[in-house]
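Colleague: First the structure, then my questions, so here it is.
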DNA sequence: CATGAATGAGACTTCATTCAT
DNA sequence: TATGAATGAAGTCTCATTCAT
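Chains as they are written, first to last, in this note's numbering: chain R, -4 to 192; chain L, -4 to 192; chain V, -4 to 192; chain B, -4 to 192.
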């Protein structure tokens, strides 16, 4: 059918734009990437860009949402596996989750930079409220209450842990503040334990 | 004397530029502020700008360094006072320091945003290695060792605490992530205590 | 066809830029002509200029190459005609070639000035190695050898003659050094003869 | 006396400006040298520049006049010496004069470039009508008439020779057109002889 | 849908010149 | 005289966006 073909073509164009832009954004920064670079690299015409995106920042957001959802999903799957296969307890799961992300971003610092530098509340919302994330959050709170805590404290502590881990990653991996992430890890995981204690 | 007058004039020009730029950067963002806005607002000629700054980002850095040094100094003085007058112990001091900054940034969210969005390792270095800061860091480590810890763990825990506090401030105050800073505070300070435990 | 129309439009834009710039460069000098003058005079937008030229000096070069190629081609054709129709010998041809150029530049001093003031080795190369020029040069050397000379001497004498004629034209026509070109001509042609003797 | 001291001071300032500007003009070109470079390099204040020169181009002219007068004078003295000591005849003298200049400019290409690129009729006039030059010119014409020529032909041939030598120097030494001046010399001197024949 | 030439507002930066000291 | 901070007009170049094809 014609319609299917057209839709498929659109998807291809969009993907080309995503991929080209991602490469440029992470290599040269969003600020130093101009629409012309993107379309040239994607092999489409300039006008085409505007058929798919409002502007450069719209594209950055779309890319961040896509990438972070993927990573978070993978992290959650990995945690799930450990839980099932190795019987990880609650704290172990949280730490493993953090560790998964740290290991990932060690190999893809540029993405971490892209995400951090362009974070906004709207973006955070979208990423954090994907269905799977919601489930994971609820599991966290559930577990916490089980251990004798209250729902609010659970939320806050999760928030504190996420903030601490994210910020440490960013400082060590992107800003290159001279505390190597591997050196800090031990203390970081100890701190998570303490916060959850 | 003549020379003194000229130097005084230079200082005034510089201050006018700093103040105008600070106002514009915090109100509209660095990206949306153009040199023209700054000089118009400062009431100086465009060429004058380039007499004092290499470019816009040079000015941002200078402003950040100046502002953060002032705030950190004030925070340290306040802590010192508590220690002397109210006999605050080590952990209390750390928490009070965090609290001082949180309370400050609650009233000046825009500055926090400016600092965070333009942070780089070089900047961090400059701010963190002012003589007074160095003294405070050493005091922290000293205290920590006294309590039976080791120097490295001290450094890392300090780093973790700073990261957590900074990140929570930024998220709650700037990104407006819907955990009010005042609601999180209690858990935040508890977490600091735990990390230092 | 559509494509042809677009290409035609591009050619027109380019021509408009060339013509406007040529007029301004020769009237006011390259230094005193700014991009704004050119685009205003050509009736195109400023951005359009940068679609066709890297900068002002790129345009100067392009204009010089175009103009000098045309003139040299015409000169060569005129010589050819004399040779065929009036049986001009070698020395007569060389002198007629010089004379053709002198007469041309007498009517277009400004172009001579433009060419001389912006001459560089790369430009010289480009102009001198157009296919037709190459043929003429070879004919010169050929003739010279025929008359008992050697190839190297031929090249050098051609170079000396070109230098002398060019320089005299420039001094008399552009710098207005008070030897009128018509007064010097006789001695100039005698000198060419002597050099070729 | 005070007056003498003041005058001496002025002379020193002027010399500093000349020397600094000469260095910059020949190294970076007149176009790429700004007043600020000159005064900074000369170690005087910007305002001082305007006490001594109308503008940059005024200074270029002054420098060219000074430098070329010196060189031409030296050349003439050298010729005179050859004439007296080695009994050089007229043609030998002319060729030796050309050779002296060529050898000089081989060692100081930048000066040749400066002179050529900024030549104007007024400048040419000033340089050519220094008393000593006038004397040399007259000697040339005298000699020529002696040999049976007429005054006008003498002037024109001198003009042709000067043009040819100057232009060849400029092309070979400055534009780097790939005929090495040493390779062309033989033919150049032969041509001078022929023109004077 | 797709194209890419054209646009022109607007950003940055330079630098000759002035003038109060 | 000498200074050099201040000026601001003038220039270069960019790039998001449009629109005719």
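For each residue, glycine too, the CB sits at the ideal point set by N, CA and C.
Could you give the DSSP three-state label for residue 44(L): helix, strand or coil?
Modeller: Residue 44(L) falls in the helix class under three-state DSSP.
Colleague: Go to residue 115(V), then tell me how far its alpha helix (DSSP H) extends in each direction, as first and last residue.
Modeller: Run containing residue 115(V): none; DSSP gives neither H nor E here.
Colleague: Checking 8 Å against the spacing of the C-beta atoms, do residue 197(V) and residue 165(V) come in under that value?
Modeller: Missing from the structure shown is residue 197(V); chain V here goes from -4 to 192 and no further.
Colleague: From residue 181(L) to residue 14(R), what distance separates their C-alpha atoms?
Modeller: Cα to Cα, residue 181(L) sits roughly 44 Å from residue 14(R).
Colleague: Could you confirm whether any beta carbon from chain L is found closer than 8 Å to the beta carbon of residue 161(R)?
Modeller: Answer yes: the Cβ-Cβ gap between residue 161(R) and chain L drops below 8 Å somewhere.
Colleague: For residue 141(R), does the three-state DSSP call read helix, strand or coil?
Modeller: Helix at residue 141(R).
Colleague: Per the contact definition of three or more C-beta pairs closer than 8 Å, is the stretch 159 to 174 of chain L in contact with the stretch 153 to 173 of chain R?
Modeller: Yes, the stretch 153 to 173 of chain R is in contact with the stretch 159 to 174 of chain L.
Colleague: Within 10 angstroms of the Cβ of residue 29(L), are there 16 or more other Cβ atoms? Answer buried if so, exposed if not.
Modeller: The residue in question, residue 29(L), is exposed, as its Cβ has fewer than 16 Cβ neighbours within 10 Å.
Colleague: Using C-beta distances below 7 Å, list every residue in its chain close to residue 91(V), excluding the 5 sequence neighbours before and after it, in chain order.
Modeller: Result list for residue 91(V): 74, 77 and 83, in chain order.
Colleague: Residues of chain L with a CB under 7 Å from the CB of residue 6(R): which are they?
Modeller: In chain order: nothing, as chain L lies at least about 32 Å away.
Colleague: Please confirm if residue 106(V) has its CB atom under 8 Å from at least one CB of chain B.
Modeller: It does not: the Cβ of residue 106(V) has no partner Cβ on chain B nearer than 8 Å.
Colleague: Alpha carbon to alpha carbon, what distance is there between residue 114(R) and residue 32(L)?
Modeller: Residue 32(L) and residue 114(R): Cα-Cα distance of roughly 27 Å.
Colleague: Residues of chain V with CB under 7 Å from residue 172(B), in chain order?
Modeller: The contacting residues are 116 and 119.
Colleague: Please confirm whether residue 179(B) has its beta-carbon closer than 8 Å to some beta-carbon of chain V.
Modeller: Cβ-Cβ to chain V under 8 Å: yes for residue 179(B).
Colleague: Examine the Cβ distances between the stretch 1 to 12 of chain V and the stretch 169 to 176 of chain L and report whether three or more of them are shorter than 8 Å.
Modeller: As far as the Cβ criterion goes, the stretch 1 to 12 of chain V does not touch the stretch 169 to 176 of chain L, which means the pair count is below three.
Colleague: Near residue 190(R), what residues of its chain come up, given a Cβ to Cβ distance below 7 Å and the 5 sequence neighbours on each side ignored?
Modeller: The answer, listed in chain order, is 152, 155 and 156.
Colleague: Residues in the same chain with beta-carbon distance under 6 Å from residue 108(L), minus the five sequence neighbours each way, listed in chain order, please.
Modeller: 169, listed in sequence order.
Colleague: Tell me the rounded alpha-carbon separation between residue 64(V) and residue 38(R).
Modeller: Residue 64(V) and residue 38(R): Cα-Cα distance of roughly 37 Å.
Colleague: In the DSSP assignment, the alpha helix (DSSP H) including residue 79(B) goes from what residue to what residue?
Modeller: 51 to 81 is the span of the alpha helix (DSSP H), which, as asked, contains residue 79(B).
Colleague: Could you please give the first and the last residue of the uninterrupted alpha helix (DSSP H) stretch that includes residue 154(B)?
Modeller: Element bounds for residue 154(B): 146 to 164.
Colleague: Could you check the C-alpha separation between residue 16(L) and residue 35(L) for me, to the nearest Å?
Modeller: Using only the alpha carbons, I get a separation of about 10 Å.
Colleague: Do residue 60(L) and residue 118(L) count as a contact pair if the criterion is CB distance below 8 Å?
Modeller: Cβ atoms of residue 118(L) and residue 60(L): closer than 8 Å.
Colleague: So residue 183(B) contacts chain V; which residues on that side make the cut at Cβ distance below 7 Å?
Modeller: Those are 155, listed as they occur along chain V.
Colleague: My guess is that residue 93(R) and residue 1(R) are in contact by the Cβ rule of under 8 Å, so how many angstroms apart are they, rounded?
Modeller: In fact, because the Cβ distance is near 44 Å, the residues do not count as touching under 8 Å.
Colleague: So which residues of chain R does residue 148(L) contact, with C-beta pairs closer than 8 Å?
Modeller: Per Cβ cutoff of 8 Å: 182.
Colleague: If we call anything under 8 Å between Cβ atoms a contact, is residue 41(V) one with residue 106(V)?
Modeller: Contact flag unset, no.
Colleague: DSSP on residue 28(B), reduced to helix/strand/coil?
Modeller: Coil.
Colleague: Taking the CB atoms as reference points, tell me whether residue 69(V) and residue 116(B) lie closer together than 8 Å.
Modeller: Taking 8 Å as the Cβ cut-off, residue 69(V) and residue 116(B) do not qualify as a contacting pair.
Colleague: For the alpha helix (DSSP H) containing residue 188(B), name the first residue and the last one.
Modeller: From DSSP, the alpha helix (DSSP H) with residue 188(B) extends over 176 to 191.
Colleague: Find the residues of chain R that neighbour residue 87(L), judging by a C-beta separation of less than 8 Å, and give them in chain order.
Modeller: Residues of chain R passing the Cβ test: none, with the nearest at roughly 18 Å.
Colleague: Please report the residue range of the alpha helix (DSSP H) in which residue 96(B) lies.
Modeller: Its alpha helix (DSSP H) spans residues 85 to 102.
Colleague: Using three-state DSSP, classify residue 13(L) as helix, strand or coil.
Modeller: In the structure shown, residue 13(L) sits in a helix (DSSP, three-state: H, G or I).
Colleague: Quick one: grab the DSSP three-state call for residue 39(B).
Modeller: Coil.
Colleague: Could you compute how far the alpha carbon of residue 147(B) sits from the alpha carbon of residue 98(V)?
Modeller: Each residue's Cα considered, the two are about 22 Å apart.
Colleague: Suppose the cutoff is 7 Å on Cβ atoms and the five residues either side in sequence are ignored; what does the same chain contact list for residue 71(R) look like?
Modeller: Within the same chain, residue 71(R) has close Cβ partners 127 and 131.
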